[in-house]
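Trainee: Here you go, one structure.
Residue numbers (the UniProt record's numbering): 1 to 324.
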């Protein structure tokens, strides 16, 4: 498969009164054309920052310390504002997790869908309006010519998220970033949105980075999974291997704490403790205070990310492999 994105040694820090937060600490990953990559972890793991920082969509107190992100032959981290503006919304689009705060409450939704079309595709207003109505209809909004004139408050949460999807697809992006797009939705609507995203991914032939805290949702949508903890990648593998042979205790914990349909009688096993203080990470393996398999070496040394097979990487002292 052809490579679309190559992120290498990305480091992102946030400066706070309490100290420096290493939100993303030297991660590397690749994304192929047409592939769906899931980035999974608890709140504060760095999963959203690891992707949003590529488009410099992080808070002002955040800083990209090191790394490169090669997208279609260009390093996103070295582009100026104008060059980056021409990529955002065109080649790379984002669906944010809360559509109520992402949509402008005082602008009609149809106008908001039109905006990237006019900006990036240089269409006239009437052409852009027709395209926006087509998009609203495609994502499942009934009576789209009429709803084009509505405001965000006149839509349900699920319908608002469909509007966000229409905006993201307006310019046929090569990469779609879905940042927890179903978090604020109930389970039924969540399933509908995920089904829609799968259909659109295949229809548009685009790559998707799906960010979520719910490993079960990611395994039903993605081709490959990255598990992040405390700013680090602790495991990466194809979905089939993650489900059958998860190797890192944190990945196993995420799977064991998930209840699936048809798993009657399964006992949920929560991960003990809480994620580490972002300004005071523990020494050695960042997960060792919560790990039931922790050894003495885990407290002293941080495990390297090693290759277990061609497509499976893990960072754990329990696992022996070849250095990346």
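For every residue, glycine included, the Cβ atom is placed at its ideal position computed from N, Cα and C. As the structure is a prediction and not an experimental result, all values here were calculated from the model.
#1: Decide if residue 2 is buried, meaning its Cβ has at least 16 other Cβ atoms within 10 Å, or exposed.
#2: Cα separation between residue 21 and residue 14?
#3: Once the 5 residues before and after residue 148 are set aside, which same chain residues still bring their CB inside 6 Å of it?
#4: Closest to residue 51 by CA distance: which of 304, 76, 199 is it?
#5: Would residue 157 pass as a contact of residue 185 if the rule is Cβ separation under 7 Å?
#6: Please look up how many angstroms separate the CB atoms of residue 141 and residue 161, rounded, as I've assumed it's under 8 Å.
#7: Within a Cβ cutoff of 6 Å, which residues of the same chain sit near residue 180, ignoring the five residues on either side of it in sequence?
#8: If you pair each beta-carbon of the region 50 to 66 with each one of the region 120 to 131, do three or more pairs fall below 8 Å?
#9: Could you name each continuous alpha helix (DSSP H) segment of 4 residues or more that falls completely within the region 97 to 180, going from the start of the chain to the end?
#10: If you draw a straight line from the alpha carbon of residue 108 to that of residue 71, how long is it in whole angstroms?
#11: CB-CB under 7 Å to residue 288, same chain, minus the five flanking residues each way: which ones, in chain order?
#12: Suppose you measure from the CA of residue 253 to the CA of residue 271; what does that come to, to the nearest Å?
#13: Provide the residue(s) that pair with residue 228 in DSSP beta bridges, ordered along the chain.
#14: Apart from the five residues on each side of it in sequence, which residues of its chain come closer than 6 Å, Cβ to Cβ, to residue 5?
#15: Tell me whether residue 67 sits in a helix, a strand or coil according to DSSP, three-state version.
#16: With distances taken Cα to Cα, identify the nearest neighbour of residue 88 among 273, 103, 56.
#17: What are the boundary residues of the beta strand (DSSP E) that residue 10 is part of?
#18: Leaving out the 5 sequence neighbours to the left and right, which residues in its chain are closer than 8 Å to residue 233 when beta-carbon positions are compared?
#19: Leaving aside the five residues before and after residue 284 along the sequence, list all residues of the same chain whose C-beta is less than 7 Å from its C-beta, in chain order.
#20: Excluding the 5 residues preceding and the 5 following residue 269 in the sequence, name in chain order all residues of the same chain whose CB lies nearer than 7 Å to its CB.
#21: Can you name, in chain order, every residue of its own chain whose Cβ lies under 6 Å from the Cβ of residue 38, other than the five neighbours on each side?
#22: Excluding the 5 residues preceding and the 5 following residue 267 in the sequence, name in chain order all residues of the same chain whose CB lies nearer than 6 Å to its CB.
#23: Have a look at 177, 197, 74 and flag the residue whose alpha-carbon is nearest the alpha-carbon of residue 139.
#24: Rounded to whole angstroms, what is the Cα-Cα separation between residue 24 and residue 118?
#25: Count the other CB atoms within 10 Å of the CB of residue 153; is the residue buried (16 or more) or exposed (fewer)?
#26: Determine the direct distance from the alpha carbon of residue 164 to that of residue 101, and round the result to whole angstroms.
#27: By how many angstroms is the C-alpha of residue 54 removed from the C-alpha of residue 207?
#28: With distances taken between CB atoms, is the gap from residue 242 to residue 173 smaller than 7 Å?
Mentor: Straight from the coordinates:
#1: Counting Cβ neighbours within 10 Å, residue 2 comes out exposed, since fewer than 16 surround it.
#2: In a straight line, the C-alpha of residue 21 is about 5 Å away from that of residue 14.
#3: Excluding sequence positions up to five before and after residue 148, its CB lies within less than 6 Å of the CB of 110, 133, all in the same chain and listed in chain order.
#4: Of the candidates 304, 76, 199, the one whose C-alpha sits nearest the C-alpha of residue 51 is 76.
#5: By the CB criterion at 7 Å, residue 157 and residue 185 fall inside the cutoff.
#6: At roughly 11 Å, the Cβ-Cβ gap does not stay under 8 Å, so residue 141 and residue 161 are not in contact.
#7: Same-chain partners within the cutoff: 97, 211, 212.
#8: Fewer than three Cβ pairs drawn from the region 50 to 66 and the region 120 to 131 lie within less than 8 Å of each other, which leaves the two stretches out of contact.
#9: Counting only runs that start and end inside the region 97 to 180, the alpha helix (DSSP H) elements of at least 4 residues fall at 99 to 102, 109 to 121, 125 to 138, 144 to 147, 157 to 169.
#10: Between residue 108 and residue 71, the C-alpha separation is close to 33 Å.
#11: Counting only Cβ-Cβ distances below 7 Å, and skipping sequence neighbours, we find 282, 294, 298, 299.
#12: Taking the straight line joining both Cα atoms gives about 6 Å.
#13: Residue 228 pairs with 233.
#14: Closer than 6 Å at the Cβ level, and outside the excluded window around residue 5, lie 31, 71.
#15: Taken through DSSP and simplified to helix, strand or coil, residue 67 comes out as strand.
#16: Ranked by Cα distance from residue 88, the options 273, 103, 56 are led by 56.
#17: Per DSSP, residue 10 belongs to the beta strand (DSSP E) from 3 to 16.
#18: Only 27, 28, 29, 226, 227, 305, 313, 315 meet the Cβ criterion.
#19: Answer for residue 284: 298, 299, 300, 301, 302, listed in chain order.
#20: The residues are 256, 257.
#21: Contacts found: 210, 218, 222, 225.
#22: So no residue of the chain qualifies.
#23: It is 197.
#24: Rounded to the nearest angstrom, the gap between the Cα atoms of residue 24 and residue 118 is 35 Å.
#25: Using a 10 angstroms sphere on the CB of residue 153, the tally of other CB atoms stays under 16, which defines it as exposed.
#26: C-alpha separation (whole angstroms): 11 Å.
#27: Each residue's Cα considered, the two are about 16 Å apart.
#28: Contact: no.
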